[in-house]
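In terms of the working numbering, the sequence shown opens at residue 128 and continues consecutively.
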Amino acid sequence: MFETKPFEPSGVSLPSHYACDNVYVTGESGKPLEAVAPVPVETRAGFREKAFDGASTLRGGLRVQGSVFAPMAHLDLISLRLFASVVEHRNIAQASRANNIAASAVSKRVADLEARFGVALLYRLRDGIEVTPAGEALYRYVQSISRIAEDMDAELSEFSSGAKGLVRLWANTSAVTQFLPEDLASYVAQYPEVRIDLREDTSDRIVQAVGQGTADIGVISDQIDHSSIETRLYRRDTLMVIVPKGHELDGRDSVRLGETASYQHVGLQAGSSLQAKILTEAKTSDIDIRMRVQVFGFDGVRRMVEAGLGVAVLPEGAVLPYIEKGEFAAMNLNEPWAQRSLLVGYREFRSLPVVARAMIECFAPGEVPSP
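Next comes the structure, spelled out in C-alpha cells:
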C-alpha cells in the first residue's frame, strides 16, 4: 500500500509565495521514494503559485499528487469554455458579454485555471489580452474536448430517441447466403428504425466501394488485398466439394482438389474471390481445372451440380443446410487453404454514422481489428 504525507522540507527556508502542501510518496516501510520541492511560477499576479520542478512521476510509475496536479476529474468544463471564449475574443470584457457573465467572474475562472495548472495562460494588457504559449496549448485541448462533447451529445441523443438512419452494406455471396440473414435480423431487432441498403458483390469491388465511401460497411473474404480499409474478423468457414448423387466420388469423406481434376467443374462468375482462390491454388499445384459453366450464386451452382453438369467447391454454409433435400453429395475439401475467414471492413470507424458503428459491433463484438 502507498500513502501520501505533507512534504516537510528540513533545513529549507521558503519565501512567503511558496505553498507547502505538496506531497511525497512512501512505501510500506515508510521510507520516502522521492520528494520534489515546489518552485515559483509566474502568473498574472506575479510569482505566487506552486508547481513541481519537473519530475512529477516517481520511480515505479507513481505520480506525485499535489494541488497543481489534481486529478483530471476536477477540471471545470465551464471554466475551460470561458477561457476559450476569452482567447477567441482576445478580451475578457467581450467574452463576459458574449457569455452573459460578469467580467470579474470570467477573470476569476481564468485565474483558477492558472492556479490549477501552475502556469500563466494569459498576459493582461490595457486593451485586451495576449495568449501565452501554455494558453495556446490549453486552447487546443479545449477545442478537442468541445468536439468530443459534441460528438458524444449527438451520438447519445440518437440512441435516446431511437436510432434512425441508413446503413449501406455491401457483402459477398458467402456472407449473404450463410450468415447475414440471421445477423441482420438480430441487428434490426435492436434498431428497428434503421434502413439497410444491402448489395451483393465480389470482395474486390466491395473493398473499392468501402474505400471510396460508396459503402459504409463491407463483408469480404480475407483472401484478397484489403490493406486499404480497416477490418475485423466476422466469421470463419470451411470449403466442401459437392458432386451429383451416384457420382464416382459420392461416399467419400474428403477429397483433394487434384482428385476433382478428372471431372468438369461448375464455378462462380469471374471476380468471385472463392473462384479466384480455387484457380490460383490449382495453378500453384499444377492442377488443370476444366470449367464447364459459371454462374452468379451458390444456388445456381448447386442446381447445376444436381443436373449432372459437373462438380463444385462451395463453403459449408451453402452446402449443409440443403444436402438433405438436394440431389447432390458433399465431402470435405482436404486442403490447407480450405479454412477461410470472412471480414467486416470499413474505412474509419470513428467517422461512421452511429448506426453503422452499431452494426459492426453487432457483427463482430469485441473483435480486435485485423492488420
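All residues carry an ideal CB built from backbone N, CA and C; glycine is no exception. In this text, all values refer to a predicted model and were calculated from it rather than measured experimentally.
Tell me the residue span of the alpha helix (DSSP H) that contains residue i.
i           : result
residue 453 : Where residue 453 is concerned, there is no enclosing alpha helix (DSSP H), given that its DSSP letter is neither H nor E.
residue 312 : 307-317
residue 216 : 204-216
residue 439 : Looking at the DSSP string, residue 439 is not in any alpha helix (DSSP H); the run it does join, the beta strand (DSSP E), is 439-442.
residue 391 : Taken as a continuous stretch (DSSP letters only), residue 391 belongs to no alpha helix (DSSP H), as it is neither H nor E.
residue 484 : 481-490
residue 232 : 230-244
residue 430 : 425-433
residue 295 : That residue, residue 295, is in no alpha helix (DSSP H); its beta strand (DSSP E) goes 292-298.
residue 351 : Per DSSP, residue 351 belongs to no alpha helix (DSSP H) and is neither H nor E.
residue 251 : Taken as a continuous stretch (DSSP letters only), residue 251 belongs to no alpha helix (DSSP H), being part of the beta strand (DSSP E) at 249-252.
residue 224 : 219-225
If contacts are defined as beta-carbon pairs under 8 Å, then residue i and residue j qualify, I think. What distance do you get, rounded to the angstrom?
i           : j           : result
residue 344 : residue 393 : In fact, because the Cβ distance is near 30 Å, the residues do not count as touching under 8 Å.
residue 335 : residue 404 : Between residue 404 and residue 335 the Cβ distance is about 19 Å, and since that is not below 8 Å, they are no contact.
residue 209 : residue 227 : Residue 209 to residue 227, Cβ: 11 Å. No contact.
residue 259 : residue 252 : That pair is no contact at about 12 Å.
residue 247 : residue 261 : 7 Å
Mind checking which residues open and close the beta strand (DSSP E) that includes residue i?
i           : result
residue 361 : 357-371
residue 414 : Run containing residue 414: none; DSSP gives neither H nor E here.
residue 322 : 321-327
residue 468 : 466-473
residue 342 : First-last for residue 342: undefined, no H or E at that position.
residue 445 : From DSSP, residue 445 is part of no beta strand (DSSP E); its letter is neither H nor E.
residue 257 : 255-258
To which residues of the same chain is residue i closer than 8 Å at the C-beta, ignoring the five residues directly before and after it?
i           : result
residue 211 : 266, 269, 270 and 273
residue 333 : 297, 298, 299, 342, 345, 346, 347 and 472
residue 415 : 388 and 409
residue 436 : 391, 393, 419 and 420
residue 239 : 203 and 206
Find out if the Cβ-Cβ distance for the pair residue i, residue j is shorter than 7 Å.
i           : j           : result
residue 460 : residue 370 : no
residue 402 : residue 419 : no
residue 462 : residue 384 : yes
residue 366 : residue 465 : yes
residue 475 : residue 372 : no
residue 381 : residue 458 : yes
residue 442 : residue 364 : yes
residue 213 : residue 220 : no
residue 438 : residue 387 : yes
residue 423 : residue 304 : no
Ordered along the chain, which non-local residues of its own chain (more than five positions away) have a Cβ less than 6 Å from that of residue i?
i           : result
residue 173 : Because the pLDDT of residue 173 is 42, which lies under 50, any placement of that residue in the model is unreliable, and the number read from its coordinates should be weighed accordingly. So the list is empty, once near-sequence residues are dropped.
residue 255 : 217 and 218
residue 302 : 346 and 469
residue 306 : 362
residue 232 : none
residue 234 : 219
residue 314 : 486 and 489
residue 480 : 292
residue 257 : 250
Tell me which residues share the same chain as residue i and place their Cβ nearer than 7 Å to its Cβ, disregarding the 5 neighbours each side in the sequence.
i           : result
residue 482 : 290, 292, 294, 318 and 321
residue 417 : 391 and 392
residue 484 : 476
residue 197 : Residue placement at residue 197 is flagged as unreliable, the pLDDT there being 44, under the threshold of 50; the coordinate-derived value follows with that caveat. Same-chain partners within the cutoff: 243.
residue 379 : 458
residue 355 : 334 and 338
Got a sec: is the Cβ-Cβ distance from residue i to anything in chain D below 7 Å?
i           : result
residue 474 : Considering every chain present, this structure includes no chain D. It has just one protein chain.
Residue i: beta carbon under 6 Å from a heavy atom of the ligand SAH?
i           : result
residue 334 : Looking for the ligand SAH in the displayed structure turns up nothing, as the structure carries no ligands at all.
(message) Check whether the segment 242-258 and the segment 295-308 touch, using three or more Cβ-Cβ pairs below 8 Å as the test.
(response) no
(request) Could you tell me whether the segment 318-326 touches the segment 443-452, where touching means 3 or more Cβ pairs closer than 8 Å? (result) Flag = no, the segment 318-326 and the segment 443-452 do not touch.
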